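These protein sequence lines are chains G and S, in that order.
Per the numbering used here, the first sequence starts with residue 1, numbered consecutively.
Per the numbering used here, the second sequence starts with residue 1001, numbered consecutively.
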Amino acid sequence: MKIRIILLFTLCAGLACAQENAVYRDMDLPVEQYEPHVRGDMTLSKTYPYWKDRNKLDWRLAGNPEENWKLNWKFMDPPFNNTVHGGHFALDRGESLYKSLNRDGRFAACLGATSGRLKGLRTRYPMYRKDLRRVAGLEAVIEHCASAQGEVLQHGSYDNSAVSLYLASLSQGMPMRIDVSKGPMREAFERGRQLFHTKAGRLNFACSSCHTRNVGQLVRGSHITTPYGDVAHYPVYRTQYRLQSLHLRMMECNLDAGVQPLMPGSQSYTDLEVFLSALSNGYTVSVPAERN
Amino acid sequence: MRSIGVAAWAFCLAMPGLAAGLPEDAALDRSADIKTLVPRVVVNSGRLEWEPHKRDLSAWPTLSHLDRRATIRPQQAAYSAPLNGDAARGRAIAMDPARGNCIACHTLPGEDWPGSVGHLLLGYKRQGHADAYVYQQIYDRRVLNPNTVMPPFGAFGVLSDQDIRDLVAYVQSLD
């Protein structure tokens, strides 16, 4: 009898929890297959040929406000954009911060430098970090490694993004190459892909509502761009918002779409970072870039 | 053993209560009236500063994996004639970014910077839709098209019954 009661309770508990796991969420369907390479844009916005090579952008497109979206805003990246802007000051700040953090070489080792070399490091993030037992983006790792030395470099803060920008500059011109073919990275990519199609907030929008279904269409006079090839210029200098990391950009996306934002470094944003970074695989890092 | 079973059961029963709450990884000030926080980047600082957003967004589901709140299901509107809508008020709601913001996605007469995601609403009156149908479109278009991109303004409590009546009067006046 006693055992039966226990069984009954356990069963009920199981049912109550199972019900909780099946929470109804609107999805933007179908959840598309995305190629984890920048060329996947050829089946989405098909604008890739216009911005494939930043060295050969068509200045006539760049100068035409009706057409410039087809360049995926790459005319605000170097080398086309050769103006001095706030991103350059952040880069200088990042270099001096890095050097003071790395006096004994521990910081570089913690970031994942191979024999002290940081070249190409940016192109491999986000990655699965065995020591952290999770997938982490570069800014999350900068925060972690600074904290190991007693320094506070919060994810999304100016100084964190400045260091990230400096590290990115050491991979200038190198293509992004994160591996999402197996293990925790594959799982993160898949969660990110699902999140990209999950509707949220007071207006019930998913990222894909605009950036997959309506690329090239107008929202309040602005053309919607492709999610492909959009990560290799981060952290970015926003002409109205100062230096901005990718997770802070996601917070702004959320706020603009009426969705309660999450904290920088949250699991969901990291999954989206993996997803979006994979969609930039094969596209070259170019910093410091601007966006309006 | 039995107490563990009871505890597990009680915990799971309490889950909907927890689920009604907010995910831990959301950017919130839980004690404030406007809970939603916006990050502010401070030059040459390792810390972010936070300020309240212009609107509280914490009541709707987020993208957090920890968020156990469901999307509000598609809802049939309880519309009753007569319409009693004011077209001028409707137009103001359609152009206001903080309210209807229809102009963000739709093209409407007499306004710059329209959108092209939604249907062209120029001459909408000539399409001859019933008021009840137009009301449902704005209230919750998911009932008519499960995969629509249009926000369910009524079902999500973004616009009031009178707001929607005014919008119906407005779009039904476009010739």
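All C-beta atoms, glycine included, are put in the ideal place defined by N, C-alpha and C.
Note that this is a predicted model, so its numbers are computed, not measured.
- The beta carbons of Pro1109 (chain S) and Leu1066 (chain S) sit about 45 Å from each other, so the pair does not count as a contact at 8 Å.
- Inter-residue distance for Asp26 (chain G) and Ser1064 (chain S) is about 14 Å (C-alpha atoms, whole angstroms).
- Taken through DSSP and simplified to helix, strand or coil, Ser147 (chain G) comes out as helix.
- Contact of Gly1115 (chain S) with chain G by beta-carbon distance below 8 Å involves Gln217, Leu218, Val219, Arg220 and Gly221.
- Within the same chain, and ignoring the five residues on either side of Glu1024 (chain S) in sequence, the residues whose Cβ sits closer than 7 Å to its Cβ are Leu1066.
- For Gly1154 (chain S), not one C-beta of chain G is nearer than 8 Å to its own C-beta.
- Within the DSSP secondary-structure output, Val236 (chain G) pairs in a beta bridge with G:Gln244.
- For Trp51 (chain G), the enclosing alpha helix (DSSP H) covers residues Tyr48 to Trp51.
- DSSP places Pro1052 (chain S) inside the beta strand (DSSP E), whose first and last residues are Leu1048 to Pro1052.
- Taking all protein chains shown into account, Asp1033 (chain S) has fewer than 16 neighbouring C-beta atoms within 10 Å of its C-beta and is therefore exposed.
- Using a CB distance cut-off of 8 Å, Met251 (chain G) counts as an interface residue toward chain S.
- Counting only unbroken stretches of 3 or more residues, the beta strand (DSSP E) elements lying wholly within the segment 1019–1100 of chain S are 1037–1041 and 1048–1052, in sequence order.
- At a Cβ-Cβ threshold of 8 Å, Tyr1135 (chain S) and Tyr1079 (chain S) count as neighbours.
- Distances from the CA of Asn160 (chain G) to each of G:Glu143, G:Gln267, G:Thr225 and G:Gly116 were compared; the closest alpha carbon is that of G:Glu143.
- With its beta carbon at least 8 Å from every one in chain S, Arg193 (chain G) lies outside the interface.
- At a beta-carbon threshold of 8 Å, the residues of chain G lying near Arg1073 (chain S) are Tyr24, ordered along the chain.
- Shown here for Asn68 (chain G): same chain residues with a beta carbon closer than 8 Å to its own, the five before and five after excluded, namely Leu61, Ala62 and Phe75 in chain order.
- A straight-line Cα-Cα distance of about 24 Å links Val285 (chain G) and His223 (chain G).
- Approximately 12 Å separates the beta-carbon atoms of Phe1153 (chain S) and Ile1072 (chain S); this is outside 8 Å, ruling out the contact.
- Taking the C-beta atoms as reference points, Glu1049 (chain S) is found nearer than 8 Å to Arg1040 (chain S).
- At a beta-carbon threshold of 7 Å, the residues of chain S lying near Val152 (chain G) are Gly1046 and Arg1047, ordered along the chain.
- The CB of Arg93 (chain G) comes closer than 7 Å to the CB of Asn1044 in chain S, given here in chain order.
- In chain order, Gln260 make up the part of chain G whose C-beta sits under 8 Å from the C-beta of Ser1058 (chain S).
- For His197 (chain G), the three-state secondary structure derived from DSSP is coil.
- If you look at Ala136 (chain G), you'll find it isn't in any alpha helix (DSSP H); it sits in the beta strand (DSSP E) that goes Arg134 to Ala136.
- Sixteen is the threshold: when 16 or more other Cβ atoms of the shown chains lie within 10 Å of the Cβ of Trp1060 (chain S), as they do, the residue is buried.
- Arg1141 (chain S) does not reach chain G, its nearest Cβ partner there being about 10 Å away, counting only Cβ pairs nearer than 9 Å.
- By alpha-carbon distance to Arg129 (chain G), the top candidate from G:Gly94, G:Leu101, G:Ala257 and G:Leu111 is G:Leu111.
- Selection S:Leu1057, S:Gly1085 and S:Asp1163 evaluated against Leu1022 (chain S) yields S:Leu1057 as nearest (Cα-Cα).
- Cβ contact annotation for Met1150 (chain S) (same chain, cutoff 6 Å, sequence separation greater than five): Arg1141, in chain order.
- Closer than 8 Å to the CB of Tyr158 (chain G) there is at least one CB belonging to chain S.
- Against Ala278 (chain G), chain S offers no close residue; the least beta-carbon distance is about 18 Å (beta-carbon pairs closer than 9 Å).
- In the DSSP annotation of this structure, Arg103 (chain G) is not part of any beta strand (DSSP E), being labelled neither H nor E.
- Our two residues, Phe275 (chain G) and Gly265 (chain G), have alpha carbons roughly 15 Å apart in a direct line.
- CA-CA distance, Asp28 (chain G) to Asn102 (chain G), rounds to 45 Å.
- At least one CB of chain S lies nearer than 8 Å to the CB of Met263 (chain G).
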